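> Next up is a structure, given as structure tokens.
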Amino acid sequence: MKKVLAVLTGLSLLVACGAAVGETTAPQTELVVFAAASMTEAMNQVAENYKAVAPNVMLVYNFDSSGTLQTQIEEGAEADVFISAGQKQMNALDIAASAEANPKGQDYILQGTRFDLLTNTIVLIVPEGSDRGIASFTDVATDKVSLIALGNSDVPVGQYAQDVFTVLGLWDQLISESKITFASNVKEVLAQVESAAVDCGVVYISDAVTGTGITVVATAPEGSHKPANYPAAVLKGTKNEQAAKDFLEYLKSDECAKVFTDIGFAVPER
Numbered sequence: 327m328k329k330v331l332a333v334l335t336g337l338s339l340l341v342a343c344g345a346a347v348g349e350t351t352a353p354q355t356e357l358v359v360f361a362a363a364s365m366t367e368a369m370n371q372v373a374e375n376y377k378a379v380a381p382n383v384m385l386v387y388n389f390d391s392s393g394t395l396q397t398q399i400e401e402g403a404e405a406d407v408f409i410s411a412g413q414k415q416m417n418a419l420d421i422a423a424s425a426e427a428n429p430k431g432q433d434y435i436l437q438g439t440r441f442d443l444l445t446n447t448i449v450l451i452v453p454e455g456s457d458r459g460i461a462s463f464t465d466v467a468t469d470k471v472s473l474i475a476l477g478n479s480d481v482p483v484g485q486y487a488q489d490v491f492t493v494l495g496l497w498d499q500l501i502s503e504s505k506i507t508f509a510s511n512v513k514e515v516l517a518q519v520e521s522a523a524v525d526c527g528v529v530y531i532s533d534a535v536t537g538t539g540i541t542v543v544a545t546a547p548e549g550s551h552k553p554a555n556y557p558a559a560v561l562k563g564t565k566n567e568q569a570a571k572d573f574l575e576y577l578k579s580d581e582c583a584k585v586f587t588d589i590g591f592a593v594p595e596r
């Protein structure tokens, strides 16, 4: 009799637990979003807000340089959405891009879903309290700067920085004088300036707004680099196509626009 009671009690507990789980748990769609490192703070806030919009969708982020994310996608990483900090990385995955932009003819982007989500501004920053008198991009070529942190060639902000210094006629000098320390993403650049490991660095204004212990001293001269646009798209291999499309649509909302602009991004007219 005791054994029977024990079994019945166990079954009752299982049923009770099942009912409790059923009452509090709904089917979850896990949406994997590969996003440029410069979007970290904004996208984390978006995730909090999205819980009220789509409570059954769990956003899983992978933040890194756009070049690294592109490589991971090419190597078969599972992802539903890609948001790049530059057109170059998105074009390399988009069959609709020109042969020059996508020489391998890669076809990872779900056609009809790509759009420019944001734009950003390129700025020069120094450690807070710096006494070196750095006030412009041209100062980087003077004895005011011994070391500058830039993103490497796979990082859009690094590519924009190279554009700026090339237009100013300073890039070759900076290379020859070994003034540059290269970082694998924009957050590393920011961290090096915050810790005063370098005299200055080039980041996005959105990173400067969220950074601590740094000062913005200059904005890149107009026309000195390609527009810092952030294209977004659903990836062709997604198993959650509708959820991914819905999320991208939400990113166009006024609610998201406020999150982005509060951090320093600009939202293009659509």
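Numbering (the numbering used here) for the sequence shown: 327 to 596. From the three backbone atoms N, C-alpha and C, an ideal C-beta is built for every residue, glycine too. Bear in mind the structure is a predicted one, so any value in this text is a computation, not a measurement.
Is the separation between the beta-carbon of aspartate 480 and that of lysine 552 shorter than 8 Å?
In this structure, lysine 552 does not lie closer than 8 Å to aspartate 480 by Cβ.
> Using 8 Å as the threshold, is the C-beta distance between valine 359 and aspartate 390 below it?
In this structure, aspartate 390 does not lie closer than 8 Å to valine 359 by Cβ.
> Give me the residue from Lys513, Lys470, Val512 and Ala517 with the minimum Cα distance to lysine 505.
Out of Lys513, Lys470, Val512 and Ala517, Lys470 has the C-alpha closest to the C-alpha of lysine 505.
> For a test of your reading of the model: does the CB of isoleucine 451 fall under 7 Å from any non-hydrogen atom of the ligand HEM? Yes or no.
Inclusion of the ligand HEM in the displayed structure is not the case, the ligand content being empty and no account of it being possible.
> Between the segment 425-432 and the segment 554-572, can you find at least three pairs of beta-carbon atoms closer than 8 Å?
No contact exists between the segment 554-572 and the segment 425-432.
> How is tyrosine 387 classed by DSSP in three states: helix, strand or coil?
Strand at tyrosine 387.
> Taking just the CA atoms, how far does isoleucine 451 sit from threonine 545?
The straight-line gap from Cα to Cα measures roughly 9 Å.
> Skipping 5 residues on each side, what residues in its chain have a beta carbon closer than 6 Å to that of alanine 423?
Result list for alanine 423: Asn417, in chain order.
> Grab me the residues of lysine 565's own chain with a C-beta within less than 7 Å of its C-beta, minus the 5 sequence neighbours each way, in chain order.
Closer than 7 Å at Cβ, skipping near neighbours: no residue.
> Assess, as a yes-or-no matter, whether the segment 356-372 is touched by the segment 387-401 under the definition of 3 or more beta carbon pairs within less than 8 Å.
Yes: at least three Cβ pairs fall under 8 Å.
> Do the segment 513-523 and the segment 571-582 meet, that is, are 3 or more Cβ pairs less than 8 Å apart?
Short answer: they don't touch.
> Note down, one range per segment and in chain order, each alpha helix (DSSP H) of at least 4 residues found wholly within the segment 370-447.
With a minimum length of 4 residues, the continuous alpha helix (DSSP H) runs that stay inside the segment 370-447 are 392-400 and 413-417.
> For aspartate 525, which of Gly455, Ser472 and Gln371 has the nearest alpha-carbon?
Checking every option, the nearest Cα to that of aspartate 525 belongs to Ser472.
> So the beta strand (DSSP E) threonine 355 belongs to, where does it begin and stop?
Segment 355-362, the beta strand (DSSP E) holding threonine 355.
> Would tyrosine 530 and isoleucine 448 qualify as a contact pair, given that the criterion is a beta-carbon distance under 8 Å?
Yes, the Cβ-Cβ distance between tyrosine 530 and isoleucine 448 is below 8 Å.
> Cutting at 6 Å between CB atoms, please list the residues of its own chain near glycine 539, excluding the five before and the five after it.
Closer than 6 Å at Cβ, skipping near neighbours: Glu454 and Glu520.
> Please state whether DSSP places alanine 592 in a helix, a strand or coil.
Strand at alanine 592.
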